[in-house]
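**Q** Structure in structure tokens, see below.
There are 2 protein chains.
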Amino acid sequence: MDDTPRWLTPDEQRVWRTFLRMQTQLTARLGRELQTESNLSMADYGVLVNLTDVPDGRMRFLELARAVEWEKSRMSHHIARMVRRGLVRREECPDDGRGAFIAITPEGRAAIEAAAPRHVEAVRRLVFDHLSSEQLAALDDISRQIVARTEQTP
Amino acid sequence: MDDTPRWLTPDEQRVWRTFLRMQTQLTARLGRELQTESNLSMADYGVLVNLTDVPDGRMRFLELARAVEWEKSRMSHHIARMVRRGLVRREECPDDGRGAFIAITPEGRAAIEAAAPRHVEAVRRLVFDHLSSEQLAALDDISRQIVARTEQTP
DNA sequence: CGCAGCTCCTTGACGCGTCAACAAATTCCA
DNA sequence: TGGAATTTGTTGACGCGTCAAGGAGCTGCG
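If you read the sequences in order, they're chains W and C. Take 1 as the starting number for the first sequence in the UniProt record's numbering and just add one per residue. Take 1 as the starting number for the second sequence in the UniProt record's numbering and just add one per residue.
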């Protein structure tokens with residue numbers, strides 16, 4: 001039997017390191033800009049976007065957690081912080097005594113509306129403005145393949 | 001003057017969300033596997049890889065920080081934790097009384113040598129095994145473009 | 001020499017994410 | 001109906017990353 005590890009080729013290794021660098025730098029940069037310009041974290045941003053996408057600006061706690069793909073514990077902690085900052089409000093659920101709605105506040109709406117244009121601009125500036133349509137398609141394919149891989153195995 | 005935000009097209013938006021999902025899922029997955037199988041974080045892994053790449057297994061503190069692209073504060077905290085776990089050791093620097101060398105310990109070497117094959121296997125399984133050479137090239141180009149963008153602007 | 005300024009690194013406080021344990025309400029089913 | 005199992009969400013402890021402040025050694029310049 002052969003348990004020699006299948007190391008990455010030099011090419012693959014180079015690509016992998018560049019890819020990792022890209023990931024960390026990009027998220028760091030976007031996060032920093034969002035934070036300093038709009039006083040929101042990427043996490044805040046994701047939550048608020050999901051709440052504004054729904055007509056009455058409120059969602060069940062776990063539905064929201066599924067939407068942003070967080071586990072309930074993280075959601076709970078993060079919502080607590082967002083409530084403290086006035087971005088979001090808890091409302092009790094008449095149908096289910098355990099449950100809760102999370103609703104965006106006017107301050108939350110103001111924050112996301114102020115943040116979104118700048119954030120989108122940053123995403124354009126750092127990513128899409130310099131990608132050809134072929135590259136866009138390639139990035140889409142690659143991302144989907146990897147997502148599929150991570151999802152189809154435990 | 002036109003300060004209408006240049007929103008993303010529906011296509012771009014879809015790609016962007018998939019890309020973000022890919023990033024978070026991939027790093028979460030790789031991190032989790034590394035942690036449960038080898039008791040190392042990605043951060044530990046990067047540090048140890050850099051230390052094994054150098055002949056005597058030791059580097060100046062700030063040189064190491066530059067290699068993994070961390071600021072000194074993060075480096076300091078992380079090295080403290082790795083010292084506590086016996087993966088790494090501080091050695092004083094004869095030439096410079098302020099300075100320090102960080103040296104990998106035998107335990108550290110054992111840890112990275114045990115971890116590397118499994119980690120590489122995971123990277124293969126989740127990424128490279130399913131990428132055509134065209135996709136590899138595309139990913140390389142895209143990553144480099146984005147890295148260049150983030151680096152060339154403050 | 002002497003001291004001003006710089007480099008190298010540490011520290012403490014705080015927000016964040018995860019894990020495990022838990023509480024309370026609801027549902028299932030015998 | 002009534003108790004077991006499940007669902008919904010919270011909490012506390014702990015490791016991690018960042019920011020601002022600081023300490024200790026070195027360097028350059030008068």
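Using N, Cα and C, we set each Cβ at its ideal position, and we do this for glycine too.
Could one say the Cβ of W/SER143 lies closer than 7 Å to chain C's Cβ atoms, at least one of them?
**A** Counted from its first residue, the first sequence places residue 143 of chain W at position 143. Yes, its Cβ sits closer than 7 Å to a Cβ of chain C.
**Q** Would you verify that the beta carbon of W/PHE128 is, or is not, closer than 7 Å to some beta carbon of chain C?
**A** As a first step, residue 128 of chain W is located in the first sequence; it is residue number 128 there, counting from the start. Yes, because at least one Cβ of chain C sits closer than 7 Å to the Cβ of W/PHE128.
**Q** Does any CB atom of chain C fall closer than 7 Å to the CB of W/ASP140?
**A** Position 140 of the first sequence, counting from 1, holds the residue named residue 140 of chain W. Yes, contact with chain C.
**Q** Do you know how far the Cα of C/ASP96 is from the Cα of W/ASP44?
**A** Sequence index remark: in the first sequence, residue 44 of chain W carries index 44 (1-based). Sequence index remark: in the second sequence, residue 96 of chain C carries index 96 (1-based). Taking the straight line joining both Cα atoms gives about 45 Å.
**Q** Find out if the Cβ-Cβ distance for the pair C/ILE102, C/MET59 is shorter than 7 Å.
**A** Within the second sequence, the letter at position 102 stands for residue 102 of chain C. Within the second sequence, the letter at position 59 stands for residue 59 of chain C. Contact: yes.
**Q** For a contact defined as C-beta to C-beta under 8 Å, what are the partners of W/VAL15 on chain C?
**A** Indexing the first sequence from 1 puts residue 15 of chain W at position 15. Result: LEU136, LEU139, ASP140 and SER143.
**Q** Can you say whether C/ARG35 is buried or exposed, counting buried as having 16 or more other CB atoms within 10 angstroms of its CB?
**A** As a first step, residue 35 of chain C is located in the second sequence; it is residue number 35 there, counting from the start. Checking the sequence shown, residue 35 of chain C turns out to be Gln, not Arg. So C/GLN35 counts as exposed.
**Q** If contact means a Cβ-Cβ distance below 9 Å, which residues of the stretch 89 to 120 of chain C contact chain W?
**A** Listed in sequence order: ALA116, PRO117, ARG118 and VAL120.
**Q** Rounding to the nearest angstrom, what Cα-Cα distance links C/PHE19 and W/ALA137 in this structure?
**A** To locate residue 19 of chain C, count along the second sequence from 1; it is residue 19. To locate residue 137 of chain W, count along the first sequence from 1; it is residue 137. Those two C-alpha atoms are separated by around 12 Å.
**Q** Listing by chain order, which chain C residues have their CB less than 8 Å from the CB of W/LEU131?
**A** The count along the first sequence starts at 1 and reaches residue 131 of chain W at position 131. The answer, in chain order, is ILE142 and GLN145.
**Q** What does W/VAL88 pair with, by DSSP beta-bridge criteria?
**A** Sequence index remark: in the first sequence, residue 88 of chain W carries index 88 (1-based). DSSP output for W/VAL88 lists W/ILE104 as bridge partner(s).
**Q** Can you tell me whether W/LEU62 is buried or exposed, with buried defined as 16 or more other CB within 10 angstroms of its CB?
**A** Locating residue 62 of chain W in the first sequence gives position 62, counting from the first residue. So W/LEU62 ends up on the exposed side.
**Q** In terms of DSSP beta bridges, what is C/ARG149 paired with?
**A** Start at 1 with the first residue of the second sequence, and residue 149 of chain C comes out as number 149. For C/ARG149, which the question treats as bridged, DSSP gives no partner whatsoever.
**Q** From C/PHE128 to W/PRO5, what distance separates their C-alpha atoms?
**A** Within the second sequence, the letter at position 128 stands for residue 128 of chain C. Within the first sequence, the letter at position 5 stands for residue 5 of chain W. Approximately 14 Å between the Cα atoms of the pair.
**Q** Say whether chain W places a C-beta atom closer than 7 Å to the C-beta of C/GLN23.
**A** The count along the second sequence starts at 1 and reaches residue 23 of chain C at position 23. Yes - at least one Cβ of chain W is within 7 Å of the one on C/GLN23.
**Q** Does the Cβ-Cβ distance between W/VAL88 and W/GLY57 come in under 7 Å?
**A** Taking the first residue of the first sequence as 1, we reach residue 88 of chain W at position 88. Taking the first residue of the first sequence as 1, we reach residue 57 of chain W at position 57. Going by C-beta atoms, W/VAL88 is not nearer than 7 Å to W/GLY57.
**Q** Grouping DSSP H, G and I as helix and E and B as strand, with all else coil, what is W/ARG124?
**A** For the purposes of this step, residue 124 of chain W is taken as residue 124 along the first sequence, with counting starting at 1. It is helical.
**Q** Can you give the Cα-Cα distance for C/VAL68 and W/PRO94, rounded to whole angstroms?
**A** Translated into positions along the second sequence, residue 68 of chain C becomes position 68. Translated into positions along the first sequence, residue 94 of chain W becomes position 94. Roughly 51 Å separates the two Cα atoms.
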